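Asks: Letter by letter, the sequence shown follows residues 67 to 318 in our numbering.
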Amino acid sequence: MAPANRYFYEELLERNKLSEFATTSTQQIAIENFQFQKILARLQELYKTDNEPERVQQEYVLLRRFLIENPYTTTAQLRKAFFQARHIEAQEVGELYDDCEIEEACWNCDRCGPLFKKYGKLRGIKPSACNDHRQNLPYIRKITWQQGLRRLKVGIHWRICLPGIPEIRLFNNLTELHKKFPQQLCAIHLYPGIDRYDLQLYFCEQSTWAVDIKDYQNTYNLVLKLTPLFGEANLVICVMKNFHFNINKYSA
Ligand SMILES: [Zn+2]
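1) Rounded to whole angstroms, what is the Cα-Cα separation between D116 and R152?
2) In three-state DSSP terms, what is A142?
3) The beta strand (DSSP E) with T274 in it runs from where to where?
4) Cβ of G190 within 6 angstroms of any heavy atom in ligand 1?
5) With a threshold of 6 angstroms (Cβ to nearest heavy atom), would R177 be considered close to ligand 1?
6) Grab the span of the beta strand (DSSP E) containing R207 for me, first residue to last.
7) I231 lies in the alpha helix (DSSP H); which residues open and close that run?
8) Hey, how far is the Cα of Q250 from the Cα of E125?
9) Pick out whichever of G160, V277, C178 and D261 has its Cα sitting closest to the Cα of I206.
10) Give me the Cβ distance between R217 and P180, rounded to the nearest whole Å; I'm assuming they're in contact under 8 angstroms.
11) Just checking C172 against ligand 1 - is the residue's beta carbon closer than 6 angstroms to any of the ligand's heavy atoms?
12) Considering L265, what are the terminal residues of the beta strand (DSSP E) in which it resides?
13) Is the distance from the Cβ of Y263 to the Cβ of R130 below 7 angstroms?
14) With a cut-off of 8 angstroms on the beta carbons, I'd call L188 and H199 a contact; round off their distance for me.
15) So if DSSP puts H255 in a beta bridge, which residue, or which two residues, is it bridged to?
16) Which ranges does the beta strand (DSSP E) cover as unbroken runs of at least 3 residues, wholly within the region 149-192, from first to last along the chain?
17) Please report the straight-line C-alpha distance between Y113 and Q201, rounded to a whole angstrom.
18) Please report the residue range of the alpha helix (DSSP H) in which R216 lies.
Laid out in structure tokens, this is it:
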């Protein structure tokens, strides 16, 4: 989600939204994001030059999904997940995480990722989007401490995991639709072309949709920053709850 990520970062710098909940500075977040950007740039280059670009694409999706679906991980889990990857080292993925303190009480919200405690209450990374973190709610989980437990760095949480949660949820829902209606929806691809946008939908009557999810409360602010893909695409914006789906429709 390269363009959307840029918007997140711009928003972050403009509004300094993180200052309330974390001691992490915007500079620190930029440094943490740079670690991910280095991997992304390397894979984008390989995608153009490698004789197996599909494999590079698969490994990128593996990495991105891992960061979204595993805001907490362990060294053993990282090794297992990236054991067969040719272009990504488990160790460099591990560097996108911080070590948890021994016996630290760790919590996660399935809607917005790792939580932190402030004044005895659990708080999320973006209170304007997700702000009810009572411990008895079904989407709040306590993470049992174990040797080697790590938590996503704040910059990766903000930039990759938080926007990634609705991306993966939409992908999973569309996968169900694809199973039900394979004659209409032929295929769905996540982060095609190493992150040109979020989702690519192939419809069997020959049209293709390029979908980006934008976390903008104000549609007008989003429209100012959008440009259609491929020149001739028809740009459509859908709004659902807090999220805007930016869809470029073009012929296959
Ligand atoms: Zn939350």
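Quick reminder that beta carbons are idealized off the backbone N, C-alpha and C, glycines included.
Keep in mind that this is a model prediction, so the values were computed, not measured.
Replies: Taking the coordinates as given:
1) Taking the sequence shown and counting its residues from 1, one reaches residue 116 at position 50. Taking the sequence shown and counting its residues from 1, one reaches residue 152 at position 86. Between the alpha carbons of D116 and R152 lies a distance of about 12 angstroms.
2) Locating residue 142 in the sequence shown gives position 76, where the first residue counts as 1. Here A142 sits in helix by DSSP.
3) In the sequence shown, residue 274 corresponds to position 208, counting from 1. It spans S273 to K280 - the beta strand (DSSP E) in which T274 sits, taken as one unbroken run.
4) For the purposes of this step, residue 190 is taken as residue 124 along the sequence shown, with counting starting at 1. Ligand 1 has a heavy atom closer than 6 angstroms to the beta-carbon of G190.
5) Locating residue 177 in the sequence shown gives position 111, counting from the first residue. Checking the Cβ of R177 against ligand 1 gives yes.
6) Here the question's residue 207 lines up with position 141 in the sequence shown. Where R207 is concerned, the enclosing beta strand (DSSP E) stretches over I206 to I209.
7) Reading the sequence shown from its first residue, position 165 is the one you call residue 231. Unbroken alpha helix (DSSP H) run through I231: L228 to K246.
8) Mapped onto the sequence shown, residue 250 falls at position 184. Mapped onto the sequence shown, residue 125 falls at position 59. When rounded, the distance between both Cα atoms is 28 angstroms.
9) Here the question's residue 206 lines up with position 140 in the sequence shown. Nearest C-alpha to I206: C178.
10) The residue given as residue 217 occupies position 151 in the sequence shown. The residue given as residue 180 occupies position 114 in the sequence shown. Contact flag correct, Cβ pair sits at about 5 angstroms.
11) Along the sequence shown, one-based indexing puts residue 172 at 106. No, Cβ of C172 sits at least 6 angstroms from all heavy atoms of ligand 1.
12) Against the sequence shown, residue 265 aligns to sequence position 199. DSSP places L265 inside the beta strand (DSSP E), whose first and last residues are L265 to F269.
13) Here residue 263 is taken as the residue at index 197 of the sequence shown, counted from 1. Here residue 130 is taken as the residue at index 64 of the sequence shown, counted from 1. Result no, Cβ atoms of Y263 and R130 do not sit closer than 7 angstroms.
14) To locate residue 188, count along the sequence shown from 1; it is residue 122. To locate residue 199, count along the sequence shown from 1; it is residue 133. Right, the Cβ-Cβ distance comes to about 4 angstroms (below 8 angstroms), so this counts as a contact.
15) Counting from 1 along the sequence shown, the entry for residue 255 is found at position 189. Bridge partners of H255: Q266.
16) As summarised for the region 149-192, the continuous beta strand (DSSP E) elements at least 3 residues long and confined to that stretch are 163-165, 172-175, 182-184 and 187-189, given in chain order.
17) Locating residue 113 in the sequence shown gives position 47, counting from the first residue. Locating residue 201 in the sequence shown gives position 135, counting from the first residue. Between Y113 and Q201, the C-alpha separation is close to 43 angstroms.
18) In the sequence shown, the residue the question calls residue 216 occupies position 150. Counting along the chain, R216 falls outside any alpha helix (DSSP H), though it belongs to the beta strand (DSSP E) covering R216 to L218.
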